[in-house]
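The sequence shown begins at 2 in this note's numbering and counts up one residue at a time. Working notes for the structure below.
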Amino acid sequence: MVDFIFIGGCPGSGKTTVSRLIQHTKHETWPMIDFGCLRVFHLNHEWTNQNDDEEQMSFENLIFILKNYHRYSYQNILINDLTDKCLGDLSTYLSHDEYNYYVSC
């Protein structure tokens with residue numbers, strides 16, 4: 002068992018589809034978080050107002066959510082739609098000494 006499973010990839014590559022298949026095939030109790038859904042709260046419909054600051058804020062919100070799930074003993078949390086920058090920053094926010102996670106790109 003792992004704490005988090007990050008599924009990355011380019012747009013349209015099937016990140017959400019793979020996450021849903023994993024979740025619904027045998028693991029319906031595994032939570033799934035789509036990073037893009039966290040950004041929808043403050044971006045306009047066309048996402049023309051996206052920028053580095055709002056992406057960083059959304060990423061920090063995601064990290065808080067993940068740590069909170071971990072605190073309540075959830076495991077195998079599926080996370081998809083992270084940008085390459087966010088995937089690269091994971092180790093800064095989630096220490097491998099404290100969290101066990103897998104990244105698939």
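Glycine included, every Cβ here is placed at the ideal spot set by N, Cα and C.
Here's a check: name, in chain order, each residue in its chain whose Cβ is nearer than 8 Å to the Cβ of residue i, leaving out the five neighbours to either side.
i     : result
Gln51 : Arg40, Leu44
Just checking: is the beta-carbon of residue i within a distance shorter than 9 Å of some beta-carbon in chain C?
i     : result
His25 : Judged by its chain identifiers, the structure shown contains no chain C, having just a single protein chain.
Tell me the residue span of the alpha helix (DSSP H) that contains residue i.
i     : result
Leu44 : Careful: Leu44 lies outside any alpha helix (DSSP H) and carries neither H nor E.
His25 : 16-26
The ligand SAM heavy atoms versus the CB of residue i: any closer than 8 Å?
i     : result
Thr84 : As far as ligands go, the structure on display features none, and thus does not contain the ligand SAM.
What are the start and end residues of the beta strand (DSSP E) that includes residue i?
i      : result
Ser105 : 102-105
Asn52  : Neither: Asn52 is in no beta strand (DSSP E) and is coded neither H nor E.
Asp90  : Here Asp90 belongs to no beta strand (DSSP E); instead the alpha helix (DSSP H) covers 85-94.
Can you grab the Cα-Cα spacing for the pair residue i / residue j, in whole Å?
i     : j     : result
Glu47 : Trp31 : 30 Å
Phe5  : Thr49 : 30 Å
Leu91 : Ile23 : 22 Å
Phe42 : Val19 : 24 Å
Less than 8 Å between the CB atoms is what I'm expecting for residue i and residue j, so what's the real figure, rounded?
i     : j     : result
Ile34 : Ile80 : 5 Å
Quick one: what's got a C-beta closer than 7 Å to residue i's C-beta in the same chain, skipping five residues either side?
i      : result
Arg110 : In the structure as shown, the chain begins at 2 and stops at 106. Residue 110 is therefore absent and cannot be evaluated.
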